[in-house]
Ligand SMILES: [Zn+2]
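Residue numbers (the numbering used here), protein chains in the order written: chain A, 48 to 197; chain B, -17 to 169.
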């Protein structure tokens, strides 16, 4: 293997993602090649610096804030969606009031829609939005590898 | 102690305390992803709240084919990006109020570089430099470094979370680290 091919596996080596055989080949090359050895040290340093950043803990009241949103049925901060949610709530209120009036007039009230169920329906396509990365990257893996290897 | 799948089953049945237990288990990990991506506490707080709120309202769409963490991290990735879209000019501001606890683990990293480890100001400056360098990376590279180096997630799981091939995981990681190496060459 030449240096270019080793460079591509620097990271896999750092991340312990190489097969035993490749790992040995890599180590053998490092011990023999000052250039790769120096460059590898640079990558290893970066990995250490980044993973050395200590963890940031979530605020203690995070659960409470989320539970509040869940109980209020708030699931979005998009103004348009909030407006639609508010409109739905108003509609439900209207239906409800109509129901009471109807009941008072000795009519059987119609079923009141469940706002929570509606929210889940509205959100069901959230996860299915698809791959943001695939959309912004029309380039195939093979081409990237090719570009990277020169 | 109930496992994730048992908690999800209960949460799907409407038991809110089961979802709260899931949240308590994952909130620090989720927050840490958001913080690595934004370097800003208030943004991370907002994003984390959105992640869990959306997870709750989408719980029905979670099929037990993947691990709950993979599914949750995928929402986290999407929400980090959504947070970015809402922000004016997509410019992130580095939060200088990064808590002091960070210094302890960085000490080990630079101990062998004959730096006076008692010099907390220096350590603080150093961690800010690293955060800043991460923040300057293109979004996808910042995310991949976050998942791999901050969260220690495997190539395989990253490829599921980000919906990219493992090959691409490797290539993006290579590019991300190369850029960081360049930005941090004086450390
Ligand atoms: Zn070499």
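Just so you know, even glycine gets a beta-carbon here, dropped at the ideal spot from N, CA and C.
{"Item": "If you draw a straight line from the alpha carbon of residue 195 of chain A to that of residue 42 of chain B, how long is it in whole angstroms?", "Value": "At residue 195 of chain A the pLDDT is 48, less than 50, meaning the model places this residue with poor confidence; the figure from the coordinates comes in the next sentence. Cα to Cα, residue 195 of chain A sits roughly 41 Å from residue 42 of chain B."}
{"Item": "For residue 201 of chain B, which residues of its own chain have a beta-carbon under 6 Å away from its beta-carbon, when the five flanking residues on both sides are left out?", "Value": "Here chain B covers residues -17 to 169 and nothing more, so residue 201 of chain B does not appear."}
{"Item": "So with Cβ pairs under 8 Å, would you call residue 110 of chain A a contact of chain B?", "Value": "yes"}
{"Item": "Name, going along the chain, the residues of the stretch 85 to 108 of chain A whose beta-carbon falls closer than 9 Å to a beta-carbon of chain B.", "Value": "86, 89, 90, 92, 93, 94, 95, 96, 97, 98, 99, 100, 101, 102, 103, 104, 105 and 106"}
{"Item": "Please list, following the chain, all residues that have a C-beta closer than 6 Å to any non-hydrogen atom of ligand 1.", "Value": "A/50, A/53, A/76, A/80, A/82 and A/83"}
{"Item": "In angstroms, rounded to a whole number, what distance separates the CA positions of residue 78 of chain A and residue 146 of chain B?", "Value": "34 Å"}
{"Item": "Counting only the same chain and skipping the five closest in sequence on each side, list residues whose C-beta sits under 7 Å from that of residue 130 of chain B.", "Value": "140 and 155"}
{"Item": "Given that residue 81 of chain A touches chain B, what residues does it touch there, using C-beta distances under 7 Å?", "Value": "Result: empty, since nearest Cβ-Cβ is about 17 Å, beyond 7 Å."}
{"Item": "What is the DSSP secondary structure of residue 43 of chain B, reduced to helix, strand or coil?", "Value": "helix"}
{"Item": "Please name the residue, chosen from B/107, B/112 and B/33, that lies closest to residue 65 of chain B on a Cα-to-Cα basis.", "Value": "B/33"}
{"Item": "First and last residue of the alpha helix (DSSP H) that includes residue 92 of chain A?", "Value": "81 to 98"}
{"Item": "Could you confirm whether any beta carbon from chain B is found closer than 8 Å to the beta carbon of residue 58 of chain A?", "Value": "yes"}
{"Item": "What residues of chain A sit near residue 169 of chain B, judged by a beta carbon separation below 7 Å?", "Value": "96"}
{"Item": "Does the beta carbon of residue 142 of chain B come closer than 8 Å to any beta carbon on chain A?", "Value": "no"}
{"Item": "Would residue 5 of chain B count as contacting chain A if we go by Cβ distances under 8 Å?", "Value": "yes"}
{"Item": "Going by the CB atoms, is the gap between residue 152 of chain B and residue 59 of chain A shorter than 8 Å?", "Value": "yes"}
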